[in-house]
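Undergrad: Dropping a structure here in structure tokens format, bear with me for questions.
In structure tokens, the structure reads:
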């Protein structure tokens, strides 16, 4: 398994994120979308900052017709974790102690890509390394989570993929 930064260079390992199911910038398998099973893909990361005590993961679509659309908010991921497995339950409290917020579909957990019509959209998965474990309640919106962690973010990485009718 190789991890790449956005430039495709893995010679100097630094905090990086990878989605093994898709190459950076490419079209994701419909399995992970509203046209398939609508399950989250596995997300992996390497070399987080030593000061990171927790992680927050956000997936959003900046190409949505009415502005950026949030597809997933996952938080309270403790240090020492380096991946989110495929197919998490769509519940606020996960068995491992992680917590999920509300997406812009109005539902808890992951809501896969579902661009309208025949358009192709970009989807960004952001992973924030946070230098504390915030006490965040389940069911929060992205804006609420970001307000609570913004001053504690020590590093951010992102991964982009596409989906739609071409």
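Residue numbers (UniProt numbering): 1 to 166. Note that CB positions come from ideal geometry on N, CA and C, so glycine has one too. This one's a predicted model, so the numbers in the text were calculated from it and none came from an experiment.
What is the DSSP secondary structure of residue 153, counted as helix, strand or coil?
TA: strand
Undergrad: Enumerate in chain order the residues of its own chain whose CB-to-CB distance from residue 77 is below 8 Å, with the five nearest sequence positions on each side excluded.
TA: Cβ-Cβ distances below 8 Å link residue 77 to 54, 55, 56, 57, 84 and 98 in the same chain, with the five nearest sequence neighbours on each side left out; the list follows chain order.
Undergrad: Look at the Cβ atom of residue 82, then the Cβ atom of residue 44, and state whether they are nearer than 9 Å.
TA: yes
Undergrad: Within 10 Å of its beta-carbon, does residue 123 have 16 or more other beta-carbons around it, so buried, or fewer, so exposed?
TA: buried
Undergrad: Can you give me the Cβ contacts of residue 104 inside the same chain, cut-off strictly under 6 Å, excluding the 5 residues immediately before and after it?
TA: 69 and 70
Undergrad: If I follow the unbroken beta strand (DSSP E) through residue 76, where does it start and stop?
TA: Its beta strand (DSSP E) spans residues 69-78.
Undergrad: Rounded to a whole number of angstroms, what is the C-alpha to C-alpha distance between residue 2 and residue 29?
TA: Here residue 2 scores only 38 on pLDDT, less than 50, and its place in the model should not be relied on; the value that follows carries that caveat. Using only the alpha carbons, I get a separation of about 20 Å.
Undergrad: Distance check for residue 148 and residue 22, CA to CA, integer angstroms please.
TA: 31 Å
Undergrad: State buried or exposed for residue 7, treating a residue as buried only when at least 16 other CB atoms are found within 10 Å of its CB.
TA: With a pLDDT of 35 at residue 7, under the threshold of 50, the predicted position of this residue should be treated as unreliable, though the coordinate-derived value follows. Per the 10 Å Cβ criterion, exposed.
Undergrad: Of the choices 164, 121 and 133, whose alpha-carbon is the least far from that of residue 151?
TA: 133
Undergrad: Assuming residue 86 and residue 109 form a contact by the criterion Cβ under 8 Å, report the distance between their Cβ atoms to the nearest whole angstrom.
TA: Going by Cβ atoms, the distance from residue 86 to residue 109 rounds to 13 Å, so no, they are not a contact pair.
Undergrad: Count the other CB atoms, across all protein chains shown, that sit within 10 Å of the CB of residue 113; report buried if there are 16 or more and exposed otherwise.
TA: With 16 or more Cβ atoms within 10 Å of its Cβ, residue 113 is classed as buried.
Undergrad: Suppose you measure from the CA of residue 129 to the CA of residue 19; what does that come to, to the nearest Å?
TA: 17 Å
Undergrad: Along the beta strand (DSSP E) that carries residue 93, what are the first and last residues, could you check?
TA: Unbroken run through residue 93: none, as it is neither H nor E.
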